[in-house]
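One point on numbering: in our numbering, the residue at position 136 of the sequence shown is 647, and numbering is uninterrupted. Beneath this line is the structure, given in structure tokens, with notes to follow.
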Amino acid sequence: MKSLSKDKIEVLKENGIKTVEALLYRTDELEDLLPDLAEKPRDLMNIHIEALSLKKMWMVPASEISEVEKSQIAFTTGSKALDQLLGGGVHSMYVAEFYGEFGTGKSQILNTIMVEALNTFKDKTAVYIDCERTYRESRISEIASKRGYDSKDIISRIILIRTVTSAELEEVVRRLYLTVEGRNSILVVCDSLISHLRSEYLGREMLQPRQHALARILKKLKDLASLYNIGVVISNQVVSVPQQTFTPFGDIRPVGGHILGHVTEPRVFVRKAGAITRIARLEDSCWLPPGEATFAITEKGVVDVEEVKGVS
């Protein structure tokens, strides 16, 4: 990069920034890493702009952006109906969100997406950020083997990261680019993103700091997806809002407020339709129409209803 001297490049490398993607991912730390630039905001901006230009993220003709979009990867959910609702599946460069009440199958959706991704990309790894102790190796093995895949190989390429506090989660996300670069990761799943924040930041007076922490985490995940062209899929919890009048599904809203809603793409609400059947409703997308899809959850994970006999 022309805007960086050799000495500064060496300093960045010593601190784990060895690529343009890593530089953009940690732009907010440049003043601390390069203190002589702290009083030179224009120089810092020039570094940022040059890095963005190299990634075709700065004043680029729309025709070139369309070429970048063609490099996107579509990760299957395991269900053709759900994939069709999502325009071919969950796409890289975005943070996809599945939210719903407990027991609706959010974790199973994440598990199936991960198994399918690792079976498709044999030389890649996937990162599983477990905030609720939902990861079960036996379940991953079952989904993979029932689909006819090599379960041992798939499990060997899952990088499991368990967090117990929101501070740990934020630090994991801050360093996540190192794992993506060093372990050749193609997908990151987080189950569930809001869990620690919701349990630690209690009361109305803590809402603002909670949302600030959530915004920082989401910013990193969004940057990770777009800079490295990988998939990021999160599950989210819900909150019930008292209603004076009856509505078909009650007033169930995703936790996280507008900050989460503005970042995720797409946002999908999952609800029960039967013992093993579920309905996914596309709540929000910048390029897809709203709609619904019905699928089932079996030993194979997420499947189409047509695959199950006597489904209910």
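We treat Cβ as the ideally placed atom computed from N, Cα and C, and that holds for glycine.
Legend entry - As assigned by DSSP and simplified to three states, the class of Asn526: Residue state, collapsed to three classes: coil.
Legend entry - Inter-stretch contact at 8 Å, needing at least 3 Cβ pairs: the segment 715 to 728 / the segment 644 to 663: The segment 715 to 728 is not in contact with the segment 644 to 663.
Inset, instruction - Name the two residues that bound the continuous beta strand (DSSP E) containing Thr809. - result: Boundaries of the beta strand (DSSP E) harbouring Thr809: Gly802 to Thr809, taken from the DSSP string.
Inset, instruction - Just the C-alpha distance for Gly812 and Thr623, rounded to the nearest angstrom, thanks. - result: Rounded to the nearest angstrom, the gap between the Cα atoms of Gly812 and Thr623 is 6 Å.
Inset, instruction - Identify, in the order they occur along the chain, each residue of the same chain with its Cβ nearer than 7 Å to the Cβ of Gln619, setting aside the five sequence neighbours on each side. - result: Same-chain partners within the cutoff: Ile808, Gly812 and Val813.
Legend entry - Min CB distance Lys657 to chain B below 7 Å: Absent from the structure: chain B. Only one protein chain is present.
Inset, instruction - Between the Cα of Glu648 and those of His773, Leu671 and Arg709, spot the shortest distance and give me the residue it belongs to. - result: Here the closest residue by C-alpha is Leu671.
Inset, instruction - Kindly confirm or deny that the segment 628 to 639 and the segment 609 to 617 touch, where touching means at least three C-beta pairs closer than 8 Å. - result: Three or more beta-carbon pairs separated by less than 8 Å are not found between the segment 628 to 639 and the segment 609 to 617, which leaves the two stretches without contact.
Inset, instruction - Keeping to the same chain, check which residues put their C-beta closer than 7 Å to that of Tyr646; ignore five residues upstream and five downstream. - result: Closer than 7 Å at the Cβ level, and outside the excluded window around Tyr646, lie Tyr639 and Leu671.
Legend entry - Beta-carbon proximity of Asp734 to Tyr536, cut-off 7 Å: Closer than 7 Å, so yes.
Legend entry - Buried versus exposed call for Cys797 [16 or more other C-beta atoms within 10 Å across all chains shown]: Under this definition Cys797 is an exposed residue.
Inset, instruction - Determine the extent of the alpha helix (DSSP H) in which Tyr536 is found, giving its start and end residues. - result: Note, Tyr536: alpha helix (DSSP H), Val531 to Tyr536.
Legend entry - CB contact flag (Arg792, Thr615, <7 Å): Between Arg792 and Thr615, the CB-CB gap reaches or exceeds 7 Å.
Inset, instruction - Within 10 angstroms of the Cβ of Asp594, are there 16 or more other Cβ atoms? Answer buried if so, exposed if not. - result: Flag for Asp594 reads buried.
Legend entry - Cut-off 6 Å between Cβ atoms - residues of its own chain near Glu711, not counting five sequence neighbours on either side: Cβ contact annotation for Glu711 (same chain, cutoff 6 Å, sequence separation greater than five): Ser677, in chain order.
Legend entry - Selection from Leu596, Asp539, His602 and Lys633 that minimises the alpha carbon distance to Ser667: Relative to the Cα of Ser667, the nearest Cα in the group Leu596, Asp539, His602 and Lys633 belongs to Lys633.
Inset, instruction - State the beta-bridge partners of Arg650 as determined by DSSP. - result: Per DSSP, Arg650 has no beta bridge partner at all.
Inset, instruction - Over the uninterrupted alpha helix (DSSP H) stretch that includes Tyr739, give me the two end residues. - result: Leu718 to Tyr739 is the extent of the alpha helix (DSSP H) around Tyr739.
Legend entry - Secondary structure of Leu515, DSSP reduced to three states: In the structure shown, Leu515 sits in coil (DSSP, three-state: anything other than H, G, I, E or B).
Inset, instruction - Quick one: using the 10 Å Cβ neighbour count with 16 as the cut-off for buried, is Leu713 buried or exposed? - result: Under a 10 Å Cβ-count criterion, Leu713 is classified as exposed, with fewer than 16 other Cβ atoms of the shown protein chains found around its own Cβ.
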